[in-house]
Amino acid sequence: EDEFDYKLETQDGEKAIFNEDEASFMKQVRYVLNQTATVLLVISVLILIGILVLFRYDIKHLVRFAYKLSVGLFIVFWFIIAWLLSSSAIGSWYNRVFTEEILGTDSLLLLMFNHAFVRDWLIALLGISIITMIVIGLILWRLTKPRRMFG
Numbered sequence: 001e002d003e004f005d006y007k008l009e010t011q012d013g014e015k016a017i018f019n020e021d022e023a024s025f026m027k028q029v030r031y032v033l034n035q036t037a038t039v040l041l042v043i044s045v046l047i048l049i050g051i052l053v054l055f056r057y058d059i060k061h062l063v064r065f066a067y068k069l070s071v072g073l074f075i076v077f078w079f080i081i082a083w084l085l086s087s088s089a090i091g092s093w094y095n096r097v098f099t100e101e102i103l104g105t106d107s108l109l110l111l112m113f114n115h116a117f118v119r120d121w122l123i124a125l126l127g128i129s130i131i132t133m134i135v136i137g138l139i140l141w142r143l144t145k146p147r148r149m150f151g
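Counting in the working numbering, the sequence shown runs from 1 upward without gaps.
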């Protein structure tokens, strides 16, 4: 689907909810998100290949070490994001992206994507990523459990 367009049923017939500028803007946003998803998919495949190679050569302790390192990097990553978004100079990125000059003064997107939406979205993303890290950690910990001599 190439268009970001929703119709509203009114007494006069169907009317587009978003104007042309908003549709074009969201098309660009979707393009960037698709590119990001593609990069993340490629990185995930490379990580999976790396884990399989480590399992193949029975170097399971490196898988555990890599996971511990990734947890540390995960924490650092989220602290950096929180710092960037809370700093006054860089934290106003939202105001630069969603502006009246780009979207127009009567933009519905400006009403929808406000600061509360962005905050809630980031909190949800943090929660989902923490749950994902825990699940991956539990799976890797079970698969890399060292053999015990007695038991």
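All residues carry an ideal CB built from backbone N, CA and C; glycine is no exception.
Would you check if the distance between the CB atom of residue i and the CB atom of residue j is smaller than 8 Å?
i           : j           : result
residue 144 : residue 60  : yes
residue 42  : residue 54  : no
residue 83  : residue 126 : no
Let's test the definition: count the other Cβ atoms within 10 Å of the Cβ of residue i and tell me whether it reaches 16, buried, or not, exposed.
i           : result
residue 150 : exposed
residue 40  : exposed
residue 103 : buried
residue 18  : buried
Is any non-hydrogen atom of the ligand ZN found closer than 7 Å to the C-beta of residue i, if you look at the structure I gave you?
i          : result
residue 34 : The ligand ZN is not part of this structure, which contains no ligands at all.
Closest to residue i by C-alpha separation, out of the options, would be which residue?
i           : options          : result
residue 123 : 16, 142, 35, 85  : 85
residue 119 : 52, 27, 81, 65   : 81
residue 75  : 32, 114, 129, 57 : 129
residue 66  : 45, 114, 50, 56  : 50
residue 146 : 34, 115, 58      : 58
*State whether the segment 108 to 127 contacts the segment 21 to 33, with contact taken as three or more CB pairs (one from each stretch) at a distance under 8 Å.*
yes
_I'd like the ranges of any alpha helix (DSSP H) spanning at least 4 consecutive residues and lying wholly in the segment 12 to 67._
20 to 56
*Using 8 Å as the threshold, is the segment 122 to 139 in touch with the segment 64 to 81, meaning 3 or more CB pairs across them?*
yes
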